[in-house]
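Data block below; observations after.
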Amino acid sequence: MLSNTGNFLLFINIFLSFLIIYNSFKCLKIKNNLIFKNIYQISLLQSTLILICFFTLTSAFIVSDFSLITVYQNSHSLKPLFYKISGTWGNHEGSLLLWVIILTIFSFLFLIYNKNHPKNYRLHTLIIQNLLILGFLLFIIFNSNPFSSINPIPKEGLGLNPILQDPALAIHPPLLYIGFVGSSIYFSAAMASMISNYSGSLFAQSIKSWVLISWIFQTLGILVGSIWAYYELGWGGFWFWDPVENASLLPWFAMTALLHSLLVLEKRNTLYFWTIILCLMTFTLSVTGTFLVRSGILNSVHTFANDPSRGIYILVFLSLMIFASIYFLFSKYKPTNDLINSNSKETFVLINNWFMMFYLITVLLGTLYPIFTDAISDNKISVGPPFYNSVIIPVVIAFLFFMAIGPQAKWIKNKFSNLRSILLILSGAIIINFAIVYFLKSYSLISNLILISSLFLIMSSIFDFFKQSKLSFPRIVSHLSFGFLILFIGLNHNFSVEKDFNLKLGEAKKIDDYEFALLDLKLSQENNYKAVVGKLEVNNSNTMKRRVLYPEIRIYDNPQTLTYEASIQTNFLGDHYLTMSNIDRSEYYNIKFQHKPLMIWIWISVLLLSFGGFLSLFKNAKNN
Amino acid sequence: MRFKILLIIFFLSLNINLYSNELVEESKIHKNLRCLVCQGQSIADSNSDFALTLKMVVKDLIDQGKTEAEIYSFLSDKYGDWILYKPKINQGNLLLWGLPYLALIIGGVIIVFLIRKSSKKA
Amino acid sequence: MQKIIKSIIVFLFIFVLLVFYNSLDRETNYSTDYLVGNKLEKINLKSFDDDKIYTSEDFKKSRYTLINFWASWCAPCRIEHPYLMQLSKEKNLKILGVNFKDKKINASKFLNELGNPYYYMTKDTTGKQSVNFGIYGIPESILINNETIVLKKFVGPLNEQNFNDIKEIINSL
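Chains as they are written, first to last, in the working numbering: chain A, 1 to 624; chain B, 625 to 746; chain C, 747 to 919.
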């Protein structure tokens with residue numbers, strides 16, 4: 001029953017998309033500046049129906065309707081209700097439906113919230129957005145239909161991978177999708193802007209809020225994903241430069257660059273084509289990321305079930321997008337007089353874009369390079385954290401300095417009268433760094449520079465806060481929190497303590513300042529898993545602190561999986577992180593203990609970063 | 625004068641630990657080695673049979689006085705470059721290592737070019 | 747000039763998309779097949795029963811040697827065992843068994859139960875020696891000639907196909 005309802009709704013949605021495109025073309029032929037009422041109505045209906053379609057799938061998950069293949073493969077009747085619901089988008093088919101929802105709702109909202117912009121531009125945006133919607137709806141129906149039924153109906157589902165049964169991972173995909181699928185709307189708008197010759201600051205205004213929204217959600221999505229990786233994967237890291245993580249970071253770089261260049265377009269009416277390229281690039285990178293993740297051509301920790309036929313479909317879609325973008329860019333491009341003065345804000349926005357493109361190219365190259373070497377020379381190589389760290393980190397230092405100086409510059413032209421204050425702040429940063437190094441032992445050259453530059457950014461942002469008007473508050477918050485983010489990552493990285501050793505029950509071990517003892521192992525039977533819970537005592541002879549941590553080894557039933565749950569004690573100074581894992585054919589357990597200073601502040605910094613975006617969105621809404 | 629003092633403080637704060645980096649760091653090596661039987665993990669992050677064995681071998685090699693580079697080349701002889709998370713800087717990986725910096729330079733040139741062009745017109 | 751830049755951009759995208767397409771049905775699992783043709787050096791294996799050490803010298807006598815890594819706790823090893831038993835009857839081939847991270851009692855029990863195909867019996871209790879052979883999971887087998895050059899590598903249990911391949915190689919000429 002649910003299968004038929006779902007399929008029916010999908011087909012209706014395809015029909016509605018065609019109807020919108022048809023009506024939009026009809027409307028374009030009429031001279032006045034009014035959009036047909038029925039376009040609004042169909043758009044609203046389209047959004048409503050796709051939501052109902054999604055709820056149909058959710059209810060299939062809630063009632064465990066195993067006549068649907070997707071539900072059978074990804075759910076289990078004994079799973080907690082919360083994970084049954086989040087299971088809706090925890091798989092390939094369901095998540096595509098979420099894609100279409102975001103495409104559709106953004107399309108509708110863009111239509112109704114831009115009434116003061118010309119008809120041609122709005123209608124073209126709508127047409128292109130609906131072409132994207134159609135593309136994904138067809139993909140769903142022909143290749144990845146969540147409503148495909150199975151016969152005979154299985155009695156029980158296969159269950160959801162236990163490491164995905166987690167609150168952070170339940171909200172991670174929706175956040176991330178709002179971020180990078182949301183970027184579709186300014187892809188469409190950019191195309192429409194070229195087609196309808198609607199350029200300049202008015203165009204910038206029409207997409208600014210959308211860029212901000214997608215940026216905020218992308219940031220939050222990445223944050224939640226990192227937090228999940230931190231406590232669930234059990235390695236104590238939060239960013240692994242894994243291809244799938246990179247896929248979410250690439251659009252973020254493009255969005256951040258876009259966010260800044262939009263300011264120039266809005267205020268000074270230059271850099272139009274560059275802004276268009278960034279708009280197109282953001283969504284193209286999102287689809288590329290989806291292609292890489294879903295087609296399974298990457299070797300990653302976060303594997304989705306892969307299937308090459310999906311890959312082909314997304315690849316065709318991606319190619320069409322790319323070549324359409326290139327076609328319009330080439331045919332509409334005319335050299336413009338972009339007047340850029342040195343020491344003006346435009347220059348620093350350009351510098352931001354410059355660095356963002358560097359990060360983007362590095363990460364893109366690192367992600368794709370193994371695929372290329374394999375395809376061309378059969379040589380398999382790995383590109384991992386040491387590569388990214390050694391290429392990117394030195395450049396971040398310069399970036400932070402520019403980021404601190406940039407906002408001090410005025411629009412159009414500015415003289416460096418504030419060189420003295422900059423030097424003052426710099427010396428302050430160096431002295432603080434010196435103090436940190438002096439009191440907390442030593443570390444390498446590059447870490448010194450990272451700390452100095454991030455402190456420099458933090459301090460100049462704080463000075464800015466007192467000097468500049470309230471209007472720049474959102475920017476100050478974001479820049480300040482980015483400075484904090486890098487500072488905390490730097491400190492965390494340098495002062496982390498890591499101990500890796502083997503213990504058996506009742507044994508104690510002393511390593512440097514720490515003494516560890518495995519006091520107890522308890523078996524516990526939970527609702528959907530069994531667990532071996534260790535009781536580990538950790539004594540720090542330096543601080544004379546004693547703590548007890550309870551790491552777990554869990555054995556899930558459906559599907560049968562072994563997971564290692566870290567035991568984490570968090571406070572404002574740092575996390576104590578401990579994982580225990582069994583060693584095959586041995587009575588010993590491998591213990592990994594880590595002290596990660598200032599961990600929570602990394603999360604808070606990112607939260608604050610996105611909050612800055614939020615403030616900016618708020619300011620933008622008030623102005624318009 | 626003040627600038628000079630600044631410079632001195634600056635270099636003081638940098639030079640503190642330059643000498644101790646010669647030690648071969650075991651955990652750094654572990655993080656650079658891919659666990660071949662895992663999904664995208666380094667052997668530092670895994671305690672599969674393979675990772676445990678490799679950790680022992682790395683320890684032996686360090687004890688034998690091998691340098692970091694020698695350890696990497698020993699292991700990539702046995703398992704291929706796939707095992708190294710930091711690709712070697714060689715001909716095949718020239719683009720990988722070079723292109724980011726090339727892009728950085730080109731970007732800088734473009735910006736300088738734009739500013740120059742504008743200042744001529746103004 | 748503009749035309750050249752435009753066509754370079756277009757070709758770049760076509761190239762990237764083609765590589766993507768080409769990679770779709772590639773095997774993402776890793777294999778150490780490229781070791782084929784390499785010479786195995788510094789072979790240093792302890793005998794299973796006594797203190798004898800086997801080195802490359804020992805393998806010059808036989809035209810072909812199949813080095814097989816196995817353990818009693820490894821389930822797939824039981825699957826490939828019949829093939830090894832059959833191969834042990836071949837004249838041109840000697841099988842070198844490396845008992846991997848195993849207990850001697852269990853290993854002997856395994857062989858008593860299923861038969862012993864090994865001409866040489868060695869052990870690698872820590873697993874360190876296997877790294878020299880580029881082994882990352884067992885069972886794995888390496889076919890070498892009398893110059894200790896790798897002719898073929900088999901990751902995972904030997905199957906019918908592998909069995910025939912080995913027979914073909916050793917009986918050619």
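Positions of the beta carbon are idealized from the N, C-alpha and C atoms, including for glycine. These numbers come from a predicted model, not from an experiment.
Close Cβ partners of residue i (< 7 Å) along its chain, the five nearest in sequence each way excluded
i	result
residue 491 (chain A)	597 and 598
residue 446 (chain A)	393 and 394
residue 721 (chain B)	713
residue 606 (chain A)	219, 223 and 485
residue 609 (chain A)	219, 478, 481, 482 and 485
residue 134 (chain A)	14 and 17
residue 614 (chain A)	216
residue 801 (chain C)	789 and 790
Cutoff 8 Å; reference residue i; Cβ partners in own chain excluding five residues on either side
i	result
residue 362 (chain A)	388, 391 and 392
residue 709 (chain B)	655, 656, 657, 658 and 666
residue 620 (chain A)	208, 209 and 212
residue 291 (chain A)	311, 314, 315 and 318
Rounded C-alpha distance that separates residue i from residue j
i	j	result
residue 687 (chain B)	residue 681 (chain B)	10 Å
residue 398 (chain A)	residue 94 (chain A)	43 Å
residue 642 (chain B)	residue 317 (chain A)	Any reading at residue 642 (chain B) must be qualified, since the residue scores a pLDDT of 44, below 50, and its modelled position is unreliable; the value itself is stated next. If I take the Cα positions, the gap works out to 52 Å.
residue 891 (chain C)	residue 793 (chain C)	21 Å
residue 882 (chain C)	residue 354 (chain A)	43 Å
residue 24 (chain A)	residue 127 (chain A)	7 Å
residue 563 (chain A)	residue 20 (chain A)	49 Å
residue 787 (chain C)	residue 895 (chain C)	9 Å
residue 161 (chain A)	residue 557 (chain A)	10 Å
residue 514 (chain A)	residue 649 (chain B)	20 Å
residue 790 (chain C)	residue 233 (chain A)	38 Å
residue 431 (chain A)	residue 265 (chain A)	39 Å
residue 159 (chain A)	residue 153 (chain A)	15 Å
residue 206 (chain A)	residue 117 (chain A)	8 Å
residue 910 (chain C)	residue 839 (chain C)	14 Å
residue 143 (chain A)	residue 310 (chain A)	7 Å
residue 2 (chain A)	residue 149 (chain A)	9 Å
residue 406 (chain A)	residue 378 (chain A)	46 Å
residue 763 (chain C)	residue 565 (chain A)	40 Å
residue 451 (chain A)	residue 347 (chain A)	25 Å
residue 940 (chain C)	residue 828 (chain C)	It is not possible to answer for residue 940 (chain C), since the shown part of chain C is limited to 747 through 919.
residue 140 (chain A)	residue 401 (chain A)	47 Å
residue 179 (chain A)	residue 376 (chain A)	34 Å
residue 336 (chain A)	residue 652 (chain B)	50 Å
residue 462 (chain A)	residue 498 (chain A)	34 Å
Proximal residues to residue i (C-beta, below 6 Å), its chain only, five neighbours per side dropped
i	result
residue 88 (chain A)	57, 58, 61 and 94
residue 646 (chain B)	Because the pLDDT at residue 646 (chain B) is just 46, under 50, the model does not fix this residue reliably, and the point stays unresolved.
residue 834 (chain C)	841 and 863
residue 870 (chain C)	844, 846 and 876
residue 625 (chain A)	Since the first and last residues shown for chain A are 1 and 624, residue 625 (chain A) lies out of range.
residue 867 (chain C)	794 and 843
residue 120 (chain A)	196
residue 531 (chain A)	524, 552 and 554
heavy atom of the ligand MG below 8 Å from residue i C-beta
i	result
residue 847 (chain C)	What this structure holds is no ligand at all, so the ligand MG is not there to describe.
* Would you list, in sequence order, the uninterrupted beta strand (DSSP E) runs of no fewer than 3 residues that lie entirely inside the segment 802 to 849 of chain C? => Segments of the beta strand (DSSP E) lying fully in the segment 802 to 849 of chain C: 810 to 816 and 839 to 846.
* Mind checking the segment 835 to 868 of chain C against chain B and listing, in chain order, the residues whose C-beta falls within less than 8 Å of any C-beta there? => 847
* Asked: Using 8 Å as the threshold, is the segment 475 to 489 of chain A in touch with the segment 562 to 580 of chain A, meaning 3 or more CB pairs across them?
  -> no
* Residues of the segment 218 to 248 of chain A with Cβ closer than 7 Å to any Cβ of chain B, in chain order -> 235 and 242
* **Interface residues of the segment 310 to 324 of chain A facing chain C [CB-CB below 9 Å]** => 311, 312, 315, 318, 319, 322 and 323
* Taking three-plus beta-carbon pairs below 8 Å as touching, is the segment 280 to 289 of chain A in contact with the segment 176 to 191 of chain A? -> yes
* May I ask you to list, following chain order, the residues of the segment 801 to 827 of chain C that have a beta carbon less than 7 Å from some beta carbon of chain E? => Going by chain labels, chain E is absent from the structure shown, which instead holds the protein chains A, B and C.
* Counting Cβ pairs, one atom from each stretch, are 3 or more of them under 8 Å apart for the segment 167 to 176 of chain A and the segment 29 to 40 of chain A? -> Segments in contact, no.
* Asked: Given 8 Å as the limit, is there contact between the segment 318 to 331 of chain A and the segment 695 to 710 of chain B, that is, 3 or more CB pairs closer than that?
  -> no
* Compile a chain-ordered list of the residues in the segment 681 to 712 of chain B whose CB is closer than 8 Å to at least one CB of chain A. => 704, 705, 706, 707, 708, 709, 710 and 711
* Asked: Listed from N- to C-terminal order along the chain, which residues in the segment 350 to 376 of chain A have their beta-carbon within a distance smaller than 9 Å of any beta-carbon of chain C?
  -> For the segment 350 to 376 of chain A, the set of residues with a beta-carbon nearer than 9 Å to any beta-carbon of chain C comprises 368, 371, 372, 374, 375 and 376, in chain order.
* To do: Determine, using beta-carbon pairs with one atom in the segment 366 to 377 of chain A and one in the segment 236 to 248 of chain A, whether at least three such pairs fall under 8 Å.
  => Three or more beta-carbon pairs separated by less than 8 Å link the segment 366 to 377 of chain A to the segment 236 to 248 of chain A, which places the two stretches in contact.
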